[in-house]
Amino acid sequence: MNRSSDPEEPDQINVKIKHRIALRDDDRFWLEIDRLGLHYDRGDSNNVLRLAINVLNVTEDQPEWPEVERLVAIFCSGGHSVSNLFTKAELDTAKWLHLSALGHHGYPQPEENFGYQEATYDVREFCPTCGIGGTQKAPFRIRTEFKASRSQIVQLNWVFDEFFLRNQAREGLRSAGITGIRYLAPMLHKANRQCERVAQMVVKVELPPALDPVGLQPVTCKAENEEWQAMQRRRPFESEKLSHCGRLKYHYTHKGPYRFDGDAFAGAPDVVKSHEWFGSGASAHRLVIVSQRFRQTVIASNWRGVLFEPIELVK
Ligand SMILES: [Zn+2]
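The numbering of the sequence shown is the numbering used here, which starts it at 280 and goes up by one.
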């Protein structure tokens, strides 16, 4: 790898791609894996259901990967996830990083029929079919204070582009002078009063269009789109009556880093959202992208709850 110290030269990130395959112990897949001599974690069959699930972790640079890939295509209809293993050096030298949550806690209110959408967003540009286009107009409403007391930065279910800060993290970001955000207390839904223990980290700036979509799965909001066959299997009777806006989003699954045009970050504050939308089905969100300074503040303060992935800057 050719890593240049010239700040004008974008660094190329050579990430390891990790696959996690989780299947029942009695699946024929494991006979094949035994034949390859690969080590995997054997599930515990002493649980009530007596269903042992074995887990294989394998990276694409292992010599067995081509054969495992062939077996996955034959045996895995689910139970297979892909993630990226970045080195500490790749994380430390990235100028910009994608911020995501390690867990999700509670649901935006009211949750019945996704009522939070109209309560929280200006929905004039919102498309309920693909989930693109809402603009926040009111504080989120939450049922109770967030659990996961050890996490300083938390996220609700369903809303993947908003983060909530416990007071310590809010004060920490404020005193570090992190730019591009403001703080907004969510409402406790039933009590109808402001939550005092967390504040939403409202991201003020959206990047111009900058995503390099090579390698990402696009999803167009139209009838019989890229997801249509998979959706038909899950909800065979629903697709007929939907209206479509024609807009585009991308699946989150990515091998290697997300790539963005570096020029789009000129003059950007420490926290921004992507112009582009990500998700599947009726769910769509923007990526939250933070500066290295933001990451260093989180690390130095030992706050838990979030994961960083380097963004690769391209011309
Ligand atoms: Zn749409």
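Note that beta-carbon positions come from the ideal geometry of N, C-alpha and C, so glycine has one too.
For Glu485, count the other beta carbons within 10 Å of its own beta carbon; 16 or more makes it buried, fewer makes it exposed. Which is it? By one-based count along the sequence shown, residue 485 stands at place 206. Exposed, by the Cβ-count rule.
Own chain partners of Leu302 with C-beta closer than 6 Å, once the 5 adjacent residues on each side are dropped: As a working mapping, residue 302 is identified with position 23 in the sequence shown. So the list reads Phe308, Gly358, once near-sequence residues are dropped.
With a threshold of 7 Å on Cβ separation, who are the neighbours of Tyr319 within its own chain once the five nearest residues in sequence on each side are excluded? Mapped onto the sequence shown, residue 319 falls at position 40. Cβ within range, chain order: Ile312, Asn333, Val334, Leu335.
Assign Arg565 to buried or exposed, taking buried as 16 or more other Cβ atoms, counted over all protein chains shown, within 10 Å of its Cβ. As a working mapping, residue 565 is identified with position 286 in the sequence shown. Result: buried.
Counting C-beta neighbours from all protein chains within 10 Å, is the total for His523 16 or more, i.e. buried, or is it exposed? The sequence position of residue 523 within the sequence shown is 244, counting from 1. With fewer than 16 Cβ atoms within 10 Å of its Cβ, His523 is classed as exposed.
Are the beta-carbon atoms belonging to Val567 and Val482 less than 8 Å from one another? In the sequence shown, the residue the question calls residue 567 occupies position 288. In the sequence shown, the residue the question calls residue 482 occupies position 203. Contact: yes.
Cβ shell of Val402 (< 7 Å), same chain only, five flanking positions each side left out: As a working note, residue 402 is residue 123 in the sequence shown. So the qualifying residues of the chain are Gln396, Gly413.
Using the beta carbon as the reference atom, which residues fall closer than 5 Å to any heavy atom of ligand 1, ordered along the chain? Cys406, Thr408, Cys409, Cys500, Cys524
Can you grab the Cα-Cα spacing for the pair Cys355 / Cys474, in whole Å? Sequence index remark: in the sequence shown, residue 355 carries index 76 (1-based). Sequence index remark: in the sequence shown, residue 474 carries index 195 (1-based). Their backbone Cα atoms lie some 44 Å apart in a straight line.
Looking at the unbroken alpha helix (DSSP H) that takes in Ala464, where does it start and where does it end? As a first step, residue 464 must be located in the sequence shown, where it is residue number 185. No alpha helix (DSSP H) holds Ala464; DSSP gives it neither H nor E.
Whole angstroms is fine: what's the gap from Thr423's alpha carbon to Leu315's? By one-based count along the sequence shown, residue 423 stands at place 144. By one-based count along the sequence shown, residue 315 stands at place 36. Looking at the two C-alpha atoms, the distance is approximately 50 Å.
Grouping DSSP H, G and I as helix and E and B as strand, with all else coil, what is Asp542? Residue mapping note: residue 542 aligns to position 263 of the sequence shown, counting from 1. Helix, per DSSP.
What's the C-alpha gap between Lys367 and Ala579? One-based indexing of the sequence shown puts residue 367 at position 88. One-based indexing of the sequence shown puts residue 579 at position 300. The straight-line gap from Cα to Cα measures roughly 15 Å.
Stretch pair the segment 549 to 564 + the segment 382 to 390: three plus CB contacts closer than 8 Å: no
Which residue marks the beginning of the beta strand (DSSP E) containing Arg445, and which one marks its end? Stepping through the sequence shown from its first residue, residue 445 is reached at position 166. Unbroken beta strand (DSSP E) run through Arg445: 442 to 445.
Where does Tyr395 fall in DSSP's three states? The sequence position of residue 395 within the sequence shown is 116, counting from 1. Residue state, collapsed to three classes: helix.
Beta-carbon separation of Val351 and Gly535 under 8 Å? If you number the sequence shown from 1, residue 351 lands on position 72. If you number the sequence shown from 1, residue 535 lands on position 256. Cβ atoms of Val351 and Gly535: not closer than 8 Å.
Compare the C-alpha of Gln434 against each of Lys528, Arg299, Pro387, His298 and name the closest. The count along the sequence shown starts at 1 and reaches residue 434 at position 155. Among Lys528, Arg299, Pro387, His298, the Cα nearest to that of Gln434 belongs to Pro387.
Flag this pair as yes or no: are the beta carbons of Phe539 and Ile457 separated by less than 8 Å? Position 260 of the sequence shown, counting from 1, holds the residue named residue 539. Position 178 of the sequence shown, counting from 1, holds the residue named residue 457. Taking 8 Å as the Cβ cut-off, Phe539 and Ile457 do not qualify as a contacting pair.
Using alpha carbons as the reference points, say which of Phe544, Thr338, Ala489, Gly584 lies closest to Gly459. In the sequence shown, counting from the first residue as 1, residue 459 sits at position 180. The shortest C-alpha separation from Gly459 is found at Phe544.
Here's the rule: buried if 16 or more other CB atoms are within 10 angstroms of the residue's CB, otherwise exposed. What is Glu288? Translated into positions along the sequence shown, residue 288 becomes position 9. Confidence is the limiting factor: at Glu288 the pLDDT is only 42, short of 50, which leaves the residue's position unreliable, though a coordinate-based value still follows. Exposed, because fewer than 16 other Cβ atoms sit within 10 Å of the Cβ of Glu288.
So Thr399 and Phe419 are in contact, right, with Cβ under 8 Å, and what is the actual spacing, rounded? Position 120 of the sequence shown holds residue 399. Position 140 of the sequence shown holds residue 419. Right, the Cβ-Cβ distance comes to about 6 Å (below 8 Å), so this counts as a contact.
Which residues share a DSSP beta bridge with Ile432? Within the sequence shown, numbered from 1, the residue matching residue 432 stands at position 153. Ile432 is bridged to Leu444.
Between the alpha carbons of Glu503 and Asn471, how many angstroms are there, rounded? Reading the sequence shown from its first residue, position 224 is the one you call residue 503. Reading the sequence shown from its first residue, position 192 is the one you call residue 471. Spanning the two alpha carbons is a distance of roughly 42 Å.
Would Gly560 and His533 be called neighbours here (beta carbons separated by less than 8 Å)? Within the sequence shown, numbered from 1, the residue matching residue 560 stands at position 281. Within the sequence shown, numbered from 1, the residue matching residue 533 stands at position 254. Contact flag unset, no.
Mind checking Asp305: buried by the 16 CB within 10 Å criterion, or exposed? Within the sequence shown, the letter at position 26 stands for residue 305. The residue is exposed, with fewer than 16 neighbouring Cβ atoms inside 10 Å.
Drop a sphere of 10 angstroms on the beta-carbon of Leu592, count the other beta-carbons inside from all chains shown, and report buried for 16 or more, exposed for fewer. Position 313 of the sequence shown, counted from the first residue, corresponds to residue 592. By the 10 Å Cβ count, Leu592 comes out buried.
Local Cβ density within 10 Å of Ala373, reported as buried at 16 or more and exposed below that: Residue mapping note: residue 373 aligns to position 94 of the sequence shown, counting from 1. Burial call: buried.
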